[in-house]
Amino acid sequence: MIGDSLAPALAPARWRAVTVTSVTVVEAALLWRFGWTAPLAAYLYLGAVLTVAAVIDARTFTMPNALLLPSYPVGVALLAVAAGTDGTWWPLGRAVIAMAALAAFYLVIALVAGGQRLGLADVILGGLLGLLLGWVGWSALSTGVILGWVIALVAVVLWRPSRRPGRTPAIPAGPCLWLGALVAVLAAR
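Counting from 1, position 5 in the sequence shown corresponds to residue 5 in my numbering; the numbering is continuous, with no gaps.
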């Protein structure tokens, strides 16, 4: 499911099936990870939004800002409810700090790269990933970021043989970054 090159091979109905299947798998994994705990609602909401956004990015090379931007206040509000329910506010503070830090980090990368490899939508995605990873912990944040970039690197290396020599393959960063964050969230304890 890498990029728009698969779009001709898959009818729109198949992309819908890929989206529904992907969201179902992610939601089941998040339910397994969090069980019936306070942050589950936030993770289910953001997991669905980020999975749909990743599929759209894989198909069109465009992250849907209209889907991502409203998820900031919704995600923070759901995690605030979780913090209030649990009576532990530090995870919320850490999540908000991680959200701002990762968005700023991705913005620096985007500016240095001139928007060629990482766009503003990926910066917006980075903030949401920081929110999810930060709630879990600092080690999940660093693991998720590193893993996302490793997955992107592997995708570029595997994709390179099918491209003309000398051209850098176009791989959407969003799905790779989301997959790295998801694995880190699921693996963290």
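Glycine included, each C-beta is placed from N, C-alpha and C at the ideal position.
Nearest candidate by alpha-carbon position, reference residue i, set the options
i	options	result
Thr51	Thr37, Leu68 and Pro39	Leu68
Leu46	Phe34, Thr24 and Val74	Val74
Ala152	Trp32, Leu30 and Ala54	Ala54
Ala188	Tyr72, Ala140, Pro70 and Pro12	Ala140
Trp138	Val185, Val26 and Ala113	Val185
Ala98	Pro12, Pro70, Leu31 and Val136	Val136
Arg117	Ala28, Ala17, Phe61 and Ser22	Phe61
Ala104	Trp89, Ala17, Leu129 and Thr88	Leu129
Glu27	Tyr43, Ala17 and Val18	Tyr43
C-beta atoms of residue i and residue j nearer than 9 Å
i	j	result
Leu120	Ala110	yes
Gly180	Ile124	no
Gly126	Val96	no
Ile171	Val150	no
Leu82	Ala38	A small correction: the amino acid at residue 82 is Ala; Leu does not occupy that position in the sequence shown. Yes, the pair counts as a contact, with Cβ atoms nearer than the cut-off.
Span separating the alpha-carbon of residue i from that of residue j
i	j	result
Gly3	Ala66	Bear in mind that the predicted position of Gly3 carries a pLDDT of just 43, short of 50, making it unreliable; the figure below should be weighed with that in mind. Their Cα atoms are separated by approximately 20 Å.
Ala9	Pro175	With a pLDDT of 37 at Ala9, under the threshold of 50, the modelled position of this residue cannot be trusted, and the question is left open.
Pro91	Arg33	17 Å
Leu79	Val20	25 Å
Leu177	Ala58	12 Å
Boundaries (first-last residue) of the alpha helix (DSSP H) holding residue i
i	result
Ala82	Ser71 to Asp86
Arg14	Pro12 to Phe34
Thr51	Leu40 to Thr60
Leu68	Asn65 to Leu68
Coarse secondary structure for residue i, derived from DSSP in three states
i	result
Leu111	helix
Trp135	helix
Ile171	coil
Thr143	helix
Cβ of residue i within 9 Å of any chain C Cβ
i	result
Leu125	The displayed structure is made up of one protein chain only, and chain C is not part of it.
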